[in-house]
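**Q**
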Amino acid sequence: MGIVEDPCSWSPVAGGVTAPAGFQASGVAVGLKPSGARDLAVVVAPPGASCAGVFTRNQVRAACVDLCAERLRYTGGQARAVVVNAGQANACTGDLARVQSERITAALAQRLGCPPEQVQICSTGVIGRPLPMDRLLAGQAALTAELAATEEAAAAAAEAILTTDLVSKQYALE
C-alpha cells in the first residue's frame, strides 16, 4: 500500500483577511489601550458570505459570545461583518455587556447598510470593566472610512486585535 497524497493542495497567498474577493478590513485606535495603539478592527464580507463560529460552553463567558451564537443561528450562518475591540473584554459586567454589544453592532450595521443580525462582535482584554461607548461609537466613522481590500488594511486589523501578543498574526491560503 503506497502513500496517498492529500487531494487538497493549499498555497499561501498575500492579503490576510482581505485575500478573499470582496473582503475588506480596517483597524483604528479609539483609546481602549493605554499605549494608544490600534484597538478596534472590522472585517467586512460581501453580501451572502457564509460565516461559522466555535463558541465556548464555559459557564462564565462574555455576552458577545452568546450574541454571536444566537445571530449565526438566526441568519443561518450569514454575516457581513465582524467587529473586534481589544483592551477591554466586555465580560463580567452583567446585563450592560449585552446592551453594549447590541449598540455597537447596530451602529456598525447602520453604517454598512446591513441588518444588525449580520454583524458579529468580539471583545478581548481586561475583564470586568464596561466599555467606553462614546469612544467605540465615535471610532466607527474612522473604522468604516478606512475600509480597504489591501494588505495594509488587513495588517491594521490584525494589529488592532492584539492583547498581550508581541506580534500580529495572519495567514491566508488558497
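Numbering of the sequence shown is given in this note's numbering, commencing with residue 491 and proceeding in unit increments.
For glycine and all other residues, C-beta sits at the position ideal for the given N, C-alpha and C.
1. Among the candidates P620, A542, A635, whose CA atom is the shortest distance from the CA of V586?
2. Taking the straight line between their C-alpha atoms, what separation do you get for T508 and L637?
3. Based on DSSP bridge pairs, tell me the residues matched to G538.
4. What are the residues that DSSP puts in a beta bridge with S516?
5. Using the C-alpha atoms, what's the distance from G526 back to Q514?
6. Do three or more CB pairs link the segment 527–543 to the segment 563–574 at distances below 8 Å?
7. Give me, in chain order, the residues of the same chain whose beta-carbon lies closer than 6 Å to that of G577; leave out the 5 immediate sequence neighbours on both sides.
8. Leaving out five residues before and five after L602 in sequence, what residues of the same chain have Cβ atoms less than 8 Å from its Cβ?
9. Please determine whether the Cβ atom of A647 lies at a distance below 7 Å from any heavy atom of the ligand MG.
10. If the criterion is Cβ atoms closer than 8 Å, does the pair A662 and V503 meet it?
11. Let me make sure I understand the geometry here. Which of C582, A643, D624, A597 has the alpha-carbon closest to that of A552?
**A** Checking against the coordinates, here is how it stands:
1. For the purposes of this step, residue 586 is taken as the residue at position 96 of the sequence shown. Note on residue identity: the sequence assigns Leu, not Val, to residue 586. Among P620, A542, A635, the Cα nearest to that of L586 belongs to P620.
2. One-based indexing of the sequence shown puts residue 508 at position 18. One-based indexing of the sequence shown puts residue 637 at position 147. Approximately 10 Å, taken between the alpha carbons.
3. Taking the first residue of the sequence shown as 1, we reach residue 538 at position 48. Residue pairing of G538 in beta bridges, as defined by DSSP: absent, with no partner found.
4. Counting from 1 along the sequence shown, the entry for residue 516 is found at position 26. Answer by DSSP bridge pairing, in chain order: V532.
5. As a working note, residue 514 is residue 24 in the sequence shown. As a working note, residue 526 is residue 36 in the sequence shown. If I take the Cα positions, the gap works out to 23 Å.
6. yes
7. Locating residue 577 in the sequence shown gives position 87, where the first residue counts as 1. Closer than 6 Å at Cβ, skipping near neighbours: L522, K523, D529, G615.
8. Position 112 of the sequence shown, counted from the start, is the residue given in the question as residue 602. Excluding positions up to five away in sequence, the list reads V534, R570, A571, V609, T634.
9. In the structure shown, the ligand MG is absent, as is every other ligand, since no ligand is present at all.
10. Translated into the one-based positions of the sequence shown, residue 662 becomes position 172. Translated into the one-based positions of the sequence shown, residue 503 becomes position 13. Yes, the pair counts as a contact, with Cβ atoms nearer than the cut-off.
11. As a working mapping, residue 552 is identified with position 62 in the sequence shown. Checking every option, the nearest Cα to that of A552 belongs to C582.
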